[in-house]
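Numbering (UniProt numbering), first residue to last: 1 to 302. For each residue, glycine too, the CB sits at the ideal point set by N, CA and C. Quick caveat: nothing in here was measured; it's all calculated off a predicted structure.
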């Protein structure tokens, strides 16, 4: 996910003509002193941009009280809707007022994507010490571009090979390194999800075990997908590294997919007919893979 940044509301609207319209969001905030509870209600959004190929989006909202990035709350996903109504109320209970005013309310609107990283649509941030929290106040705020989350997400070492005699693809998930830390403790609980797609429709999913608190996990797991030769040209494999989260939706750390010049698996990038089964995949990056399958040292996650 993009890095969170408090930002400032002071310059809102002054340069809106020079940037694309990302839509706006309506929400309300208030504090109950008797119960030491901050209430945030996400009401609706309007004129969100289309992020999907179908010309629409599947928006949802993440709610943070910065600088705490770990304890996030999320609305439901509204399918195919550029003017979604959520009307969901979130309570931050047992929150002393003197701590509330040190926080920044950060709302991030994203387009939910089942197969890859959710696309950020826009963000709003308001320092709570600038608000009168004694009663619920409702705001309309223009969404601003999200922080780009620049920086490496890590690398994944894998191998692919096709066995024509067995009509199967073998995917070896070997290891990852320098994964982006997704948890507040500066680590992640990564696992790898492998989707087999045929004509852009999902066919089968497999996943590795979860490696707890590890940014350089070693998986060494192999998965076999049965694919008739005549379907190979229209088959794609999408590999996603995920961060397991017990309390909320799992986060996408990054993904690997075939490069633009080879979008389908005629050869998943550089795939060769090997016919050597598991052994055909060999140790990627440790020598030639000619005639054995597909392998290259480390693939950058994106």
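- Pairing residue 192 with residue 207 gives a Cβ-Cβ distance under 8 angstroms.
- By the neighbour-count criterion, in which 16 or more other beta carbons inside 10 Å mark a residue as buried, residue 103 falls on the buried side.
- Three or more beta-carbon pairs separated by less than 8 angstroms are not found between the region 35 to 48 and the region 155 to 166, which leaves the two stretches without contact.
- For residue 197, DSSP records a beta bridge to 202 and 236.
- By the Cβ-count criterion, residue 176 is buried, with 16 or more other Cβ atoms from all chains shown falling within 10 Å of its own Cβ.
- As a beta-bridge residue in DSSP terms, residue 127 pairs with 104.
- Secondary-structure assignment with DSSP links residue 165 through no beta bridge to anything.
- If the five residues before and after residue 187 are omitted, its C-beta is found closer than 8 angstroms to the C-beta atoms of 181, 213, 214 and 215, all from its own chain and listed in chain order.
- For residue 230, the three-state secondary structure derived from DSSP is helix.
- Cβ neighbours of residue 54 within its own chain (closer than 8 angstroms, five residues either side excluded): 80.
- A Cβ-Cβ distance of about 6 angstroms is found for the pair residue 31 and residue 97, placing them in contact under the 8 angstroms criterion.
- Counting the other Cβ atoms within 10 Å of the Cβ of residue 21 gives fewer than 16, which makes it exposed.
- DSSP places residue 180 in the coil class of the three-state scheme, outside both helix and strand.
- Taking C-beta atoms as the reference points, residue 47 and residue 87 fail to come closer than 8 angstroms.
- In this structure, residue 224 lies away from residue 165, with their beta-carbon atoms at least 8 angstroms apart.
- Taking all protein chains shown into account, residue 125 has 16 or more neighbouring C-beta atoms within 10 Å of its C-beta and is therefore buried.
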